[in-house]
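Heads up, the thing below is written out as structure tokens.
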Amino acid sequence: MPALGTTMPVTGAPCWVSLVTPDPHAARSFYSQVMGWGFRGSSLGRDFSVAVADDAPVAGMGCCRGRGSAARWTPYFAVADADETADRVRERGATLAVGPARLGAGRAALAADRDGAAFGFWEGPAPAWTVGRGSAPARLDLMTRHAFEAAIFYAEIFDWAKPDRGCTVEYAQDHVVVQVAGHTVATLRGGGIESAPDPRMRPRWVVDFHVADSRATAVAAGEAGGESSPATPPLGCSKDAYIICDPSGALFTVSGPGAA
221 MPALGTTMPV
231 TGAPCWVSLV
241 TPDPHAARSF
251 YSQVMGWGFR
261 GSSLGRDFSV
271 AVADDAPVAG
281 MGCCRGRGSA
291 ARWTPYFAVA
301 DADETADRVR
311 ERGATLAVGP
321 ARLGAGRAAL
331 AADRDGAAFG
341 FWEGPAPAWT
351 VGRGSAPARL
361 DLMTRHAFEA
371 AIFYAEIFDW
381 AKPDRGCTVE
391 YAQDHVVVQV
401 AGHTVATLRG
411 GGIESAPDPR
421 MRPRWVVDFH
431 VADSRATAVA
441 AGEAGGESSP
451 ATPPLGCSKD
461 AYIICDPSGA
471 LFTVSGPGAA
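All residue numbers for the sequence shown refer to this note's numbering, where the first residue is 221 and numbers rise by one.
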């Protein structure tokens with residue numbers, strides 16, 4: 221995760237999203253064409269870059285190497301102690317894949333929850349960046365088999381809903397909402413994964429970006445070598461949402477101005 225600022229993010233809240241891909245050059249070309257992003261270098265080395273919109277940080281991009289490495293979008297959550305969080309992940313039967321390891325001004329780790337959804341956590345300063353506001357993604361949704369079981373897992377990992385922490389959790393009829401100061405920063409949605417029309421939509425964290433015209437963005441994705449299809453509930457939270465798969469196989473969604 222790029223060290224782009226000196227603010228300390230709210231513990232337990234999403235503080236960044238990053239794309240890992242086997243071909244960063246091709247990815248930069250794709251996202252520049254489709255999303256209109258620019259890119260700048262990172263203090264983490266030539267394999268890392270930062271996507272920007274109107275000169276504000278959107279997301280990170282890094283290179284994944286090795287046989288079987290898959291391109292994917294991954295959210296990072298802020299933690300006070302990466303080692304303690306890593307212990308919690310292991311104690312609850314989930315997978316710690318990488319780290320915690322020193323990265324720039326902080327420490328990062330990659331993990332997967334018990335259903336296989338990948339996520340990261342970050343100890344240290346981060347950009348002034350909040351899901352749903354400014355240049356940050358519009359939505360961050362966990363698509364999983366059972367939202368309430370997943371909520372218990374993540375609440376124990378990240379101390380959600382503790383009185384002295386910044387995150388609160390609300391339980392709705394079929395999903396769980398995580399908020400900071402009344403603002404939604406993540407949603408956990410269950411059901412329908414096995415029967416979803418797109419078999420690639422296994423349990424995973426999905427990053428959604430607001431765009432001015434989601435249909436035009438979907439068309440541009442096809443012209444740039446990717447794939448797109450209309451998103452349906454529970455993944456499609458608005459009628460003009462689209463699933464996009466970039467040329468390396470990383471999935472994300474886009475939604476238009478009418479999105480919730």
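Beta carbons: idealized from backbone N, C-alpha and C, even for Gly. Source: prediction; values computed, not measured.
Own chain residues within Cβ distance below 7 Å of residue i, not counting five before or after
| i | result |
| --- | --- |
| residue 231 | 298, 299, 300, 379, 385, 386 |
| residue 253 | 440, 444 |
| residue 354 | 276 |
| residue 247 | 239, 241, 281, 466, 468 |
| residue 261 | 269 |
Interface flag, residue i vs chain E, CB-CB below 8 Å
| i | result |
| --- | --- |
| residue 251 | The question asks about chain E, but that chain is absent: this structure has only one protein chain. |
Residue(s) in a DSSP beta bridge with residue i
| i | result |
| --- | --- |
| residue 378 | Beta-bridge pairing links residue 378 to no other residue. |
| residue 399 | 388, 404 |
| residue 320 | Per DSSP, none; premise fails for residue 320. |
| residue 297 | 234, 341 |
| residue 447 | 465 |
| residue 279 | 271 |
| residue 475 | 430 |
Cβ distance (whole Å) where residue i is taken to contact residue j below 8 Å
| i | j | result |
| --- | --- | --- |
| residue 357 | residue 427 | 5 Å |
| residue 327 | residue 320 | 5 Å |
| residue 432 | residue 464 | That pair is no contact at about 15 Å. |
Among the options, nearest to residue i - alpha-carbon criterion
| i | options | result |
| --- | --- | --- |
| residue 257 | 242, 268, 276 | 276 |
| residue 470 | 241, 422, 234 | 241 |
| residue 333 | 363, 452, 353 | 363 |
| residue 351 | 360, 343, 293, 367 | 360 |
| residue 459 | 476, 246, 403, 465 | 476 |
| residue 408 | 307, 306, 423 | 423 |
Limits of the alpha helix (DSSP H) - the one that residue i falls within
| i | result |
| --- | --- |
| residue 244 | 244-255 |
| residue 227 | Careful: residue 227 lies outside any alpha helix (DSSP H) and carries neither H nor E. |
Same chain, Cβ closer than 8 Å to residue i, neighbours up to 5 away in sequence not counted
| i | result |
| --- | --- |
| residue 373 | 312, 314, 333, 334 |
Own chain, CB closer than 6 Å to residue i, minus 5 neighbours either side, in chain order
| i | result |
| --- | --- |
| residue 310 | 316 |
| residue 294 | 238, 338, 340 |
| residue 229 | 235, 298, 346 |
| residue 498 | Nothing about residue 498 can be read from this structure; the chain reaches only from 221 to 480. |
Endpoints, beta strand (DSSP E) assigned at residue i
| i | result |
| --- | --- |
| residue 327 | 326-332 |
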